[in-house]
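Count along the sequence shown starting at 1, add 845, and that's the number in our numbering. Since the structure comes first, as structure tokens, the remarks are kept for the end.
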Amino acid sequence: MRRNSQPWPVRVWLAVCLAGGLALSAAEAQEPGAKIELDKESSPAAAAVYTDAANFQNNGVFDLAIVDWEKFLTRYPKDPLRPKAEYYLGVCAMQLKKYDRAEKAFASVVKNFPQFDNREDAWLNLGWCQYQLAQTATEEQEKAYEKPAATFAAMLQEFPSDKGKRADQALFFQGEALYHQGDREGSLAPYAALVEEHPDSPLRADGLYALGVTREELQKFAEAAPVYDLFLQEFPDHSLATEIAMRKAETILQKGLSLEADDKTEEAKTAFKEASQAFAGAAAAENFVSADHALYRQALSESKAGDYGASGDLYAAIPKKFPQSRYVDEATLAAARTYYRAEKFPEAKLWFQKILDAGGPDAPEAAHWICRILLRDGDPAAAAALAAKTASTAGDSKYLVSLQIDEADALDRIPESREEAIAKYLAVAQAHPDDEQSAKALYNAAFTALELRSFEPAQQHVDTFLKGYPDNFYEADVKHISAEAQLALGNYGESEKVYRELIGKFAARPEIEQWRVRLAYSLYLQKKYDEAIEMLQPILGELKKPGSQADAQFLLGASQFYKGEAAAAEASLSASYATAQKALAQGDDKPRQPTDETLLLLARAQHQQKKYDEAIATAKKLLEEFPQSQLVAQTLFRYGQFCYDKADYPTAIVQYQASATADPESEFAPYAWYGKGWAEINAKEFAAGQESFTKVITDWPDHALQPQSLSARGMCYRQTGKYEEAVADFDNFLKTDAKPRDKADALYEKGLALVELKKYEEAVKALNEVLTVDPEYPATDQVLYELAWAYKSQDDDEAKAQALKTFASLAEKFPKSSRAAEAFVHVGENLYAEKKYTEAAAAYTKAKALSTQDELSEKILYMLGFANYLSEDYEQSLAQFSEQTTRFPKGPQYRQGLYMVAESLFKLKNYKDALPAYKAARTAAEGAEGVDELAQVLILLHGGQSAGQIEDWKTSLEYLTPIPTDFPKTPYLAEANFAIGEAHLKLKDHEKAIPFFTLAAEGSREEVGARARFMLGEVHFLDKRYDDAEKELLRCLFGYGGDAAGEKVKNWQAKSAYELGRVNEVQINTAQGAEKSEAIQDALKYYQILVDKYPTDSLVKTAAGRIAELKKAKR
């Protein structure tokens, strides 16, 4: 849009004139020399004329003022007031628009009076008059603007912005003059100077407008935009604000076009949308004269942004809102086209119909597009009729051939008319051989023939095309038809050849990706998998159409699958399926490859990698999405395989059954029954498995699965207790030409069945034969385990010895076997039984390291703890029993383990920790069934003793007191009574201690009894009952076997001898005469007994010293 070209408003220029001194004051008019600075040399007559002229001017009588100013200049040409008179003459002439007279006056002032006070105004008014004269020039108008442009330039040179008061006006009109002169580039500098150097100028808005518009007209849109922004920021209410907003929108639109040209699509789209919004504001402005233009440009912006629907609505609004606009016809056609592009076909059809009804030159085009819409809407009959009718009156319209092809296309959509469509296509090609669309018509004929599966006629049309239109635009498309026809005819090699020609000659064509995929397909059909892979891998990233991508990914994945590259196949097939779904959703580029086959191959590739969950999910997807697929039976079978290998046997059974019954005649049926049987074995449904294998054996007697079914059924018989039948099946299987490994499996199973029949010798034979048939049998450890038990189950000592050797062999050869731990247990048990506790502990330690079963692990820890305990390695026994009770708090040996933890601590003399351990053991034993009485007694006894060791005598009594009452026949009764007595003694309750010491002394002939008797003597001694003390000590010294007593008893006998000496010695001081001598003699006697009979006792030295002292006293 051009800029506003109306003359600059007079009101602005009047201000300039007034500023330049149009009005004269009364004083200036009547007193020469005052404001008009009358020179002394002026005559009164001259002053009178000057005053009259000034009065006329001040009162607006410009024509009389001119007469008097000219009179003054004529009569007094040398008067000192001449410069002013000539200047005011120009002002008055300018007011009367006598610009030529005014120009002369101002020119004279500027030329002749360089010192004139109002020289700058004279310059400005001179330029203005010249500018006005240029505007009214009838010839060479652009040249007329050279004079004011030069004048303003001269003024600015003399009065630049930093000196002059009118520089802003001079800059503006200099720019205007240059602009109208045609020097738009030159006008930019003064406009820019006005804007930059005079921010407060009353001409600022006009300067911004002129600068922005001129830049826009010079297509400097990026430079115009910020000027428009500044205008709108500073002058939002200006009368030109709406126009400026529209122009700003144009700069944004142009920015989008520039970005679009640079292929910056997204950035361009953003700019177009922004432009649309800006145009919308201008179009909606009230009374805006260019609203139709703004709306038209908004519609274009939306179209460029790709929002054709919105664009169509905007174009459609122009004829409605602005019926007189010059854009009506263009907008009508544009609305139809953009609605079509937006796929708003009802709206497009409506607007095309308007054009068609108008019957103008655009009617054939409108009919053509209406035909395309009718075809899209599924009304080919209407399209054919409209095309035929319009073509008959289209004359020489460029859309005639398009309409004829529309008719053929419409007939092609009618199943019974497709042959007629081919004829129409051929007729177009024959009638208009030179028309660019005739080749397309011939191509369409070949394509339709291909779709009608008339492959040979399709090839004939291809040959005709290539002969008549060599190097034609459609050559590649026609050759593509040829390649497909050859594929359909089974000529895979010929198809490969044509596709290679296409790819070599038309590498830049967008169909190249499809051709490459189809080339790969021809290679795949020829089983050239390596070539197919080599062909496809480099182009996958280049394919853009999802249908082609899906086909390529399938062909790549299938080729990789059949080459055994499962992981690569999975990736390719997964991508193929995902891309196919995308293509099917879009609907415009469907893949050729059936998706059910893609899913089946994908599932198999996943299965090969043991990705069972993924394989199962893929199989389910296939069955859900393609319930009528021919691959259902196979898919169900594969589904069963996947579940089986995942160990989901119940689901495997269901899927195998479904496969077998889905198609009983399928090649997968016997495999499905066989797989079902194995799944049932693993699900421990052995009776059902027996039936499944019987199905294979009965219905397919000559099938390759027959021998394996016998062996598997034998397993089922064994598991259901039909051991004789199992042995019979295994024997029949072993008669076949089976592989050694399979024979070994059958022998192993046979051995197990014979064990169940208690035919141990035969079982030993069968199990030994396993290792003969297959020395590298993978389950050798299991064979050795069963063999060991078969030996062990016999009553023969030699066999039992062989069992132990077999267990040892298993443990030694297969230390990582699941049976190794149990084997080491058996070895440990044998050593334990032989009381080889250290060796037993070593075996149990190995068993512990290998065991993974909780029950066995608890047993191992328990037995290992006992082995350590009995070999007096109490630290280790503590460690094992502690681990046992920590790991297995609910195990059957838990209570006994707690007890042995306490016992180990007791043996380690760690009484502080032993006491709470006994407490835990006691708590666990309370109320429990089957608790060993001895353990209960020892928990109380050793718990009480532990408490005594840490001098917690009350707790000690709490543990010990129940023993005599609850366990009166325990062999530890004497020891318990002793401990009770000791606790009372420690609590200084001698009277309670004596009866328990007495019970202990009388209840035991061993150390406990001797010690109790000694303690009785001690209690009496402490209580100074010396006779009673002596009696108890003598019973200890000479009782309990006397000289034949054991070493532990002798310890207390020695202490009793010493204490007897002391008992007598303490009485010496109170005795007199013979009694004293007797006391000395008895003391010496007992000390001497200690020295003579117990020479190694720790008290001997002390006793010897007492003997020496007493002998001195005796003297």
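Glycine included, every Cβ here is placed at the ideal spot set by N, Cα and C.
Contact between D1222 and F1190 holds: CB atoms are separated by about 7 Å, below the 8 Å threshold.
Within a 10 Å sphere around the beta-carbon of Q902 sit 16 or more other beta-carbons, which makes this residue buried. For K1603, the CB contacts under 8 Å within the same chain, skipping 5 residues up- and downstream, are S1638 in chain order. Under the three-state reduction of DSSP output, V906 falls in the coil class, being neither helix nor strand. Judged by their CB atoms, E1415 and Q1454 are nearer to each other than the 8 Å cut-off. Between I1384 and R1354, the CB-CB gap reaches or exceeds 8 Å. The C-alpha of K1938 is placed about 11 Å away from the C-alpha of G1887. With respect to L1599, N1577 sits apart: the two C-beta atoms are not nearer than 8 Å. Using a C-beta cut-off of 8 Å, the stretch 1779 to 1792 makes contact with the stretch 1743 to 1762, since at least three inter-stretch Cβ pairs fall below that distance. Between L1075 and Q1014, the gap from beta carbon to beta carbon reaches 8 Å or more.
Taking C-beta atoms under 8 Å as the contact rule, A1181 and I1200 qualify, at a distance of about 6 Å. Excluding residues up to 5 positions away in sequence, F1300 lie with their Cβ nearer than 6 Å to the Cβ of A1333 in the same chain.
An exposed status is given to P1168, since fewer than 16 other beta-carbon atoms sit within 10 Å of its beta-carbon. Judged by their CB atoms, L1802 and A1821 are not nearer to each other than the 8 Å cut-off. Under a 10 Å Cβ-count criterion, F1538 is classified as buried, with 16 or more other Cβ atoms of the shown protein chains found around its own Cβ. The beta carbon of M1380 sits closer than 7 Å to those of R1361, L1364, A1365 and L1368, all from its chain and outside the five residues before and after it, given in chain order. Listed in chain order, the non-local C-beta contacts of F1399 below 7 Å within the same chain comprise L1418, S1421, Q1438 and T1443, local neighbours out to five positions each way being set aside. The beta carbon of L1550 sits closer than 8 Å to the beta carbons of P1515, Y1516, Y1519 and V1541 from its chain, once the five residues preceding and following it are set aside; these are given in chain order. Taking a 10 Å sphere around the C-beta of N1909, we find 16 or more other C-beta atoms and assign the residue as buried. Under the three-pair Cβ rule at 8 Å, the stretch 1028 to 1036 counts as touching the stretch 1053 to 1068.
S1084 is classed as exposed because its beta carbon has fewer than 16 other beta carbons within 10 Å across all chains shown. Annotated as proximal: M1860 and F1842, with beta-carbon spacing under 8 Å.
Here Q1282 is buried, its C-beta having at least 16 other C-beta atoms within 10 Å.
The residue from P959, P1044 and T1768 with its alpha-carbon nearest to that of L1743 is T1768. Around the C-beta of E1530, 16 or more other C-beta atoms lie within 10 Å, and the residue is accordingly described as buried.
With a beta-carbon spacing of about 6 Å, A1232 and A1255 fall inside the 8 Å limit used to define contacts. A direct Cα-to-Cα measurement between Y1073 and Y1054 gives close to 7 Å. Look at the stretch 1411 to 1489 and you find these whole runs of alpha helix (DSSP H), each 4 residues long or longer: 1411 to 1431, 1440 to 1453 and 1457 to 1470.
The C-beta of S1922 has fewer than 16 other C-beta atoms within 10 Å across all chains shown, which makes the residue exposed. Restricting attention to R1049, L1140 and P922, the CA atom closest to the CA of A1129 is found in L1140. As the crow flies, the alpha-carbon of A1653 is around 10 Å from that of G1673. CA-to-CA, the gap between D1316 and E1210 works out to about 29 Å. Runs of the alpha helix (DSSP H) lying entirely within the stretch 965 to 1037, each at least 4 residues long, are 986 to 989, 991 to 1003 and 1012 to 1026 in chain order. In the structure shown, V1362 adopts helical secondary structure according to DSSP, grouped into three states. Pairing Q940 with F907 gives a Cβ-Cβ distance under 8 Å.
In the structure shown, the three-state DSSP call for L1753 is coil.
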